[in-house]
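Note that the protein sequences, when read in sequence, are chains Z and X. Take the first sequence: its position 210, counting from 1, is numbered 210 in my numbering, and each next residue is one higher. Take the second sequence: its position 42, counting from 1, is numbered 42 in my numbering, and each next residue is one higher. Glycine included, each C-beta is placed from N, C-alpha and C at the ideal position. Quick notes on the structure that follows.
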Amino acid sequence: MLAKRIIPCLDVRAGRVTKGIRFLENVDVGDPVAMARYYYEQGADEIVFYDITASNERRGIMIEVVRAVAREIFIPFSVGGGLRTLDDLREVLLAGAEKVSIDSGAVRNPELIAQGASAFGSQCIVLSMQVKRAADSAQFPSGYEVIIDGGRTPTGMDAVQWSQRGEELGAGELCVNSIDRDGTRLGYDLEITHAISQAVSIPVIASGGAGEPEHLREAFTAGGADAAIVASLIHYGDYAIPVLKRYLHDRGVEIRMT
Amino acid sequence: MAAPIIAIVDYGAGNLASVARALEHLGYPCEITGQAERIRSARAVILPGVGAAGATMANLCERGLDRVLKEEVIGAGKPFLGICIGIQVLLQSSAEGNTKCLGVVRGSVRRFPPVDETGRTLKVPQIGWNRVHQLKGHPVFDGVPEGAHFYFVNSYYAVPDDSELVIASAQYGVTFAAAIARGAMLASQFHLEKSGAAGLKMLDNFCRTMK
Chain Z
1 MLAKRIIPCL DVRAGRVTKG IRFLENVDVG DPVAMARYYY EQGADEIVFY DITASNERRG
61 IMIEVVRAVA REIFIPFSVG GGLRTLDDLR EVLLAGAEKV SIDSGAVRNP ELIAQGASAF
121 GSQCIVLSMQ VKRAADSAQF PSGYEVIIDG GRTPTGMDAV QWSQRGEELG AGELCVNSID
181 RDGTRLGYDL EITHAISQAV SIPVIASGGA GEPEHLREAF TAGGADAAIV ASLIHYGDYA
241 IPVLKRYLHD RGVEIRMT
Chain X
1 MAAPIIAIVD YGAGNLASVA RALEHLGYPC EITGQAERIR SARAVILPGV GAAGATMANL
61 CERGLDRVLK EEVIGAGKPF LGICIGIQVL LQSSAEGNTK CLGVVRGSVR RFPPVDETGR
121 TLKVPQIGWN RVHQLKGHPV FDGVPEGAHF YFVNSYYAVP DDSELVIASA QYGVTFAAAI
181 ARGAMLASQF HLEKSGAAGL KMLDNFCRTM K
């Protein structure tokens, strides 16, 4: 049985971590490399970076971050945010990321998933999807719609149908981020996480809403997730990764203890 | 140019730099090379990579590296480490595209079953951290806790005829060989270079076997 993964998420804008992180001493909390190293040493199973720098000219800065991170941490890490072409994927992977996370770029051009999987292997293609509860059950059988462009643009696509399409196209993993729960600390959206876990046979990563250790346990059990993304839960010093892992381990969840 | 200490075999596929970065972190000079002469003169050789068995074998054969690895590295008793696809190509054949492999280890490579022991769908490829059980007190595991998790990405696994070669096993639908060893030849299905402290420790232990 594979261990359930805990994946810290770092938002990076123009080479700096954007979310305030209060608890660290002697660590430059804005430095993505120092933060990655810190979470690596704390026992993170993987790390995800989202490049929220909008403009193309700043892409080079992120590539430098990826190169520096790759020299410092020896666990897989993925990079997402604004990846649109096969060349974008190649650049990030060659810089040392294990995986790429594609979101809006995959909705606009689903072939990007297939091309990426064929060129680099499914194992490094993560289809990330932002989902939002929808009222219209005729158009959205799962009750959830896929939204792109950082939560601004509705796509009219059903979340479960898109997840299945992503798997068919060759995605190796699916990251399901609930827009409704993001930042609320009310817990992951277990309903859509479970629905997608049941609908596909690739690993599912729960994202959005973690506020306490029990939320992770729920994501792994009721939600059927294989991994969970944590951000504010750990960034603001409320819980350290070893504390989360101990909590889950003590409750019978298969966890990598370091 | 001085002979490389450790040659990482470049066969034109896969991300080889991650192994190089891990070795540099540990303080071992290494060189990514596809040249037979550089591989021959290295003190240890690592065959890493992700990708398909067929493409890997085709790339190795095209460069004449199949014979170099077989006869002048593994056959000559030079310390050798195969990682991921680097364990699978040691066998005689792989079910992945019915590929003829190096054949330095008798046996074959099989695909994970579609369902596990309890009849539930098995996600293939295996992507993630799995427990590795040490079956023998092999020195490469010195300082590595029994049952430690390592990072795997694979759809296929090696099945050596001689089960004595299997120094560690893992469970994923079936019990499979996580690592094998014979003399100076060592190979792991998991990615040591992506397995945190446990992986680095094993890599360090391997490097210490160099004369």
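Rounded straight-line distance, which links the Cα of residue j to that of residue i
i               : j               : result
R63 of chain X  : A68 of chain Z  : 32 Å
G49 of chain X  : I234 of chain Z : 33 Å
N226 of chain X : Y11 of chain X  : Because chain X is modelled from 1 through 211, residue 226 of chain X falls outside the range shown and cannot be assessed.
I75 of chain Z  : H249 of chain Z : 20 Å
L65 of chain X  : G34 of chain X  : 8 Å
K123 of chain X : G166 of chain Z : 15 Å
A70 of chain Z  : S137 of chain Z : 44 Å
V204 of chain Z : Q198 of chain Z : 10 Å
L135 of chain X : P160 of chain X : 15 Å
I179 of chain Z : G51 of chain X  : 35 Å
I6 of chain X   : S18 of chain X  : 14 Å
A117 of chain Z : A184 of chain X : 35 Å
A198 of chain X : P141 of chain Z : 45 Å
T155 of chain Z : T121 of chain X : 31 Å
V144 of chain X : C207 of chain X : 15 Å
K100 of chain X : A53 of chain X  : 9 Å
S101 of chain Z : G82 of chain X  : 28 Å
Y39 of chain Z  : K99 of chain Z  : 18 Å
G103 of chain X : F49 of chain Z  : 41 Å
A195 of chain Z : D189 of chain Z : 10 Å
M202 of chain X : N109 of chain Z : 42 Å
G21 of chain X  : G196 of chain X : First, the residue type needs correcting, since residue 21 of chain X is Arg and not Gly in the sequence shown. Between R21 of chain X and G196 of chain X, the C-alpha separation is close to 13 Å.
R251 of chain Z : M257 of chain Z : 13 Å
V200 of chain Z : S163 of chain Z : 7 Å
V68 of chain X  : G30 of chain Z  : 48 Å
V140 of chain X : T53 of chain Z  : 44 Å
Q92 of chain X  : G86 of chain X  : 13 Å
Residue i: contacting residues in chain Z (beta-carbon distance under 8 Å)
i               : result
K78 of chain X  : Going along chain Z, no residue has its Cβ under 8 Å from K78 of chain X, so there is no contact; the nearest lies around 25 Å.
L200 of chain X : F74
G86 of chain X  : Chain Z residues near G86 of chain X: none, gap ~15 Å exceeds 8 Å.
Start-to-end residues for the alpha helix (DSSP H) that takes in residue i
i               : result
M202 of chain X : 196 to 207
G60 of chain Z  : 59 to 72
L57 of chain X  : According to the sequence as given, residue 57 of chain X is Met; it is not Leu. 53 to 62 is the span of the alpha helix (DSSP H), which, as asked, contains M57 of chain X.
A34 of chain Z  : 32 to 42
R90 of chain Z  : 86 to 94
R40 of chain X  : 36 to 41
V107 of chain Z : 104 to 108
E191 of chain Z : 190 to 199
A219 of chain Z : 213 to 220
L233 of chain Z : 232 to 235
R21 of chain X  : 17 to 26
A114 of chain Z : 111 to 120
Contacts of residue i in chain Z (Cβ-Cβ under 7 Å)
i               : result
A17 of chain X  : G96
H149 of chain X : A3, R256
A53 of chain X  : The contacting residues do not exist; A53 of chain X stays about 13 Å from chain Z at best.
G196 of chain X : F74, I75, T258
9 Å Cβ cut-off: residues of chain X touching residue i
i               : result
P203 of chain Z : K123, I127, G128
E214 of chain Z : Near E214 of chain Z there are no residues of chain X at all, since even the closest Cβ is about 22 Å away, more than 9 Å.
A70 of chain Z  : A17, S18, R21
Limits of the unbroken beta strand (DSSP E) element including residue i
i               : result
C175 of chain Z : 173 to 178
P154 of chain Z : 153 to 158
M129 of chain Z : 125 to 133
Y241 of chain Z : Residue identity differs from the one stated: residue 241 of chain Z is Ile in this sequence, not Tyr. That residue, I241 of chain Z, is in no beta strand (DSSP E); its alpha helix (DSSP H) goes 241 to 250.
S108 of chain X : 107 to 111
I87 of chain X  : It is not in any beta strand (DSSP E) - I87 of chain X instead sits in the alpha helix (DSSP H) that spans 85 to 88.
I180 of chain X : 174 to 182
L186 of chain X : 185 to 188
Chain Z contact residues for residue i, given Cβ-Cβ distances below 9 Å
i               : result
V153 of chain X : P76, E98, G121, Q123, C124, G172
S193 of chain X : Before going further, note that residue 193 of chain X is Glu rather than Ser in the sequence given. Ordered by position in chain Z, the residues that pass the 9 Å Cβ test against E193 of chain X are F74.
V50 of chain X  : F120, G121, Q123, C124
Identify each residue in the region 215 to 234 of chain Z for which the Cβ-Cβ distance to at least one residue of chain X is less than 8 Å, and report them in chain order. D226, A227
Does the region 127 to 134 of chain X come close enough to the region 145 to 165 of chain X that 3 or more CB-CB pairs lie under 8 Å? yes
Give me the subset of the region 162 to 179 of chain Z whose CB atoms are less than 7 Å from a CB atom of chain X, sorted by chain position. G172, E173
The region 111 to 126 of chain Z: positions lying closer than 9 Å to chain X by Cβ: F120, G121, S122, Q123, C124
Proximal residues, the region 30 to 62 of chain Z versus chain X, C-beta separation under 7 Å: D45
Could you tell me whether the region 5 to 21 of chain Z touches the region 220 to 229 of chain Z, using the rule of 3 or more Cβ pairs below 8 Å? yes
Spell out a yes or no on whether the region 178 to 195 of chain X and the region 163 to 170 of chain X are touching, meaning 3 or more CB-CB pairs, one atom from each, closer than 8 Å. yes
With a threshold of 8 Å, are at least 3 pairs of Cβ atoms found where one atom belongs to the region 73 to 93 of chain Z and the other to the region 184 to 194 of chain X? yes
At least 3 beta-carbon pairs within less than 8 Å: the region 146 to 160 of chain Z vs the region 90 to 100 of chain Z: no
Given 8 Å as the limit, is there contact between the region 238 to 258 of chain Z and the region 111 to 120 of chain X, that is, 3 or more CB pairs closer than that? no
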